[in-house]
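Please read the structure below before turning to the comments.
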Amino acid sequence: MNKHIGGLTRRATQFLVAAVAWAANPASTINVPRVSALVSFDFAPGALEARDAALAKIEAAKQSGVRDDLTFREFVALVNPRYRFFKHCEVLGDVLQRVADGDISRLMIFMPPRHGKSEETSRLFSAYFLYRNPQKWVAITSYAADLAYTLSRAAKDHFVNAGGELKSDAKAVKHWMTAQGGGLWATGVGGPATGKGWHLGIIDDPLKNAEQAASVKIRDKQKEWFQSVFSTREEPEGGALIFILTRWHEDDLAGWQLAVEAGASEDEQQKWHVVNFAAIKESPEEEPKFPASCTVIKDWREPGEALCEERYPLAKLKKIAKSVGEYFWNALFQQRPRPKDGGCFKREHFTKFFDELPVGCRFVRYWDKAGTAGGGDWSAGVLMARDEAGFFYIVDVVRGQWGAKDREDIIKATAESDQAAFGNNYTVWVEQEGGSGGKESAQSTLMNLSGFAVFAESVSGKGDKTTRARPLIASFEAGNVKLKRGAEWLHKYIEEMTGFPNATNDDQVDGSSGAFNKVALGVRWEWD
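Mind the numbering: the sequence shown is residues 157 to 684 in my numbering, read in order.
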């Protein structure tokens, strides 16, 4: 009781001293946000002691005529003593410190909603980064400009509360500057960034909700904006890029970048660091897999433990899981944006790549055709190889929405290119759908490819698409299928395959399963 009263007395004294000093000299560095922080009594345990230590460190540095070297944890204690460093916040804080120190330049943060990832990163860390580097620039983006402005306002307050100085004529939340010439600008994802650069770029929850996440158009538009606008604003000397996401969709910006990373050559790899914390710790077999070039920050928990028992105990999380349903639980809380049993093709099986093919392969290009130009269906021709050891290689994918004539021209040009490259160890197969229209379409391709080793296959009576894909699924599961590293078609190929049978399109699935079922027969074709 006496300790508590003593704490209240000390806080009241601090507040009175600060208030009197500010009243006597309103132009002093003491400001309303810092004073208001003293009024609140919900400080984190040990926060006032940590704050006093940080202030003492700053004063000692001033006396020595050098700049203080506050750590991120010390900075947080200084500007927001109410912030509680739960275990997962401590781990994230250590990673962010490495970003500030220049050890990490690419970081992805995946955590459940309401677990402090934006507070610690966008609000606090961005302010700390500018406190250490007031001559540099920070960019904060989110799904809406207003949210980005809110994050910017908090960062500005923290920067000022730590003693940072602003340029007098540049204090707007969407674009504020430090007295040293750096600053922070904020915009919505898809918003303008002309004439602006960043040393620290933060993309905080680019997707607003499930409706946006389900829209291919919105996701593709965000990718285009990232490529053509945001990523081009990184300063020439290099910067640090941070993605902060609750995983609404496997093809969100982070998922897309991870797919690109998986197929990139070594000199093209970004080498992301990934903080991936599920609400409830899963077994290693259940956890999502990341490209080998990524560094996954260690999760300290045992399977079944909650991420933050103090705020979201296990019993509460289980109620949430039941309430939101399997899909959203896995996506938003477990950072696995797909049902736990997944689709037919598991994303973790698409992790083997090749640069050069071994000698002695035989090749099949299998075409799944659609005849409506610009329609919802696509034509796809998948080129697959098999080596003498029984491994399979996805060598090439040609895909588009073409009319009948353009499609046949492309099929023939592709066959000519393949034949020149692979000679007598190459055949073409065309899927023949049921009905007279399907037969006529297949016959048209056979005539078009006169002189090539070309065959049509009727799929009537051979089971549904999933049945026909099962041999290929089994081969992927066994680790016997490799993909062409760095291929421009790779990302969309993986997305369609792993989304099957729930994805919008399945032409690449049909082309792949057809090619596999032919090249796996073990027949070697010899032609005079």
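Where is the CB? At the ideal position from N, CA and C, for every residue including glycine.
Member of the options whose CA lies at the smallest distance from the CA of residue i
i, options, result
"D562", "K474, K525 and G346", "K525"
"K648", "D620, D376 and S606", "D376"
"F382", "H429, A349, A206 and S371", "A349"
"F231", "A676, A318 and A659", "A318"
"S371", "T343, R229, E406 and E390", "E406"
"A410", "E422, G249 and H429", "H429"
"V586", "L248, N673 and V345", "N673"
"G353", "A295, V235 and G337", "A295"
"T227", "K475, P237 and D250", "D250"
"W341", "Y522, A415 and S278", "S278"
"F632", "C500, A216 and Y284", "C500"
"F315", "G338, V551, W534 and G537", "G338"
"G346", "E461, S298 and S669", "S298"
"A541", "D565, V584, A415 and E613", "V584"
"L465", "S384, H271, E424 and P627", "For the sequence presented, residue 465 should be read as Glu rather than Leu. Closest by alpha carbon: H271."
"P657", "K621, A369 and E644", "K621"
"T623", "A212, G670 and A609", "G670"
Local conformation of residue i per DSSP, three classes
i, result
"I650", "helix"
"K472", "helix"
"W341", "strand"
"K327", "strand"
"Q368", "helix"
"S535", "strand"
"Y239", "coil"
"W354", "strand"
"V452", "strand"
"Q275", "Per the sequence shown, the amino acid found at residue 275 is Glu instead of Gln. Here E275 sits in helix by DSSP."
"A212", "helix"
"E482", "helix"
"L322", "strand"
"T185", "For T185, the predicted structure reports a pLDDT of 47, less than 50, and the residue's modelled location is therefore unreliable. The matter cannot be settled from this model."
Beta strand (DSSP E) segment containing residue i, residue limits
i, result
"N432", "H429 to N432"
"H331", "H331 to T334"
"D524", "R518 to D524"
"T297", "W293 to S298"
"V610", "V610 to S614"
"V584", "Y582 to Q588"
"D552", "F548 to G556"
"L463", "No beta strand (DSSP E) contains L463, which DSSP labels as neither H nor E."
"F266", "R262 to F266"
Straight-line gap, residue i to residue j (C-alpha atoms, nearest Å)
i, j, result
"L363", "W404", "7 Å"
"S192", "V329", "With a pLDDT of 41 at S192, under the threshold of 50, the modelled position of that residue is not reliable, and no figure is offered here."
"E512", "Q490", "37 Å"
"K618", "A630", "18 Å"
"E652", "T507", "15 Å"
"S600", "L646", "29 Å"
"W412", "D325", "40 Å"
"S184", "K445", "Here S184 scores only 46 on pLDDT, less than 50, and its place in the model is too uncertain to base an answer on."
"T654", "K323", "51 Å"
"D257", "K379", "29 Å"
"G394", "G594", "55 Å"
"P440", "A625", "27 Å"
"R494", "E321", "46 Å"
"R503", "R229", "37 Å"
"V515", "D543", "7 Å"
"D574", "E482", "45 Å"
"A477", "W485", "5 Å"
"R190", "V235", "Caution applies to R190, whose pLDDT of 45 falls short of 50 and renders its modelled position unreliable; the value that the coordinates give is listed next. Looking at the two C-alpha atoms, the distance is approximately 7 Å."
"S668", "I650", "12 Å"
"V255", "G537", "44 Å"
"K496", "L605", "Residue placement at K496 is poorly supported in this model, since its pLDDT is 47, which falls under 50; the coordinates are not used for a value here."
"Y284", "A233", "11 Å"
Unbroken alpha helix (DSSP H) run spanning residue i, endpoints
i, result
"G670", "D663 to V675"
"K638", "Counting along the chain, K638 falls outside any alpha helix (DSSP H), though it belongs to the beta strand (DSSP E) covering V637 to K640."
"K379", "V372 to W381"
"I567", "A560 to F578"
"I398", "Premise fails: I398 lies in the beta strand (DSSP E), A396 to L401, not in any alpha helix (DSSP H)."
"F446", "Per DSSP, F446 belongs to no alpha helix (DSSP H) and is neither H nor E."
"R624", "K621 to E633"
"H314", "A301 to N317"
"G346", "Taken as a continuous stretch (DSSP letters only), G346 belongs to no alpha helix (DSSP H), as it is neither H nor E."
"Q413", "L409 to G419"
"L286", "S282 to R288"
Item to check | the stretch 323-337 contacting the stretch 358-365, beta-carbon criterion three pairs below 8 Å | outcome: No: fewer than three Cβ pairs fall under 8 Å.
Item to check | At least 3 beta-carbon pairs within less than 8 Å: the stretch 546-566 vs the stretch 661-668 | outcome: Touching, yes, given that three or more Cβ pairs across the two stretches are closer than 8 Å.
Item to check | Cβ contact check for the stretch 422-438 and the stretch 301-308: 3 or more pairs under 8 Å | outcome: At 8 Å Cβ cutoff, the stretches do not touch.
Checklist entry - Do the stretch 383-402 and the stretch 266-286 touch if we need at least three Cβ pairs shorter than 8 Å? => result Taking 8 Å as the limit for Cβ pairs, the verdict is that the stretch 266-286 does touch the stretch 383-402.
Item to check | Inter-stretch contact at 8 Å, needing at least 3 Cβ pairs: the stretch 636-645 / the stretch 534-549 | outcome: At 8 Å Cβ cutoff, the stretches touch.
Checklist entry - Is it a yes or a no for the stretch 452-461 touching the stretch 242-251, going by three-plus beta-carbon pairs under 8 Å? => result Touching, per the Cβ criterion.
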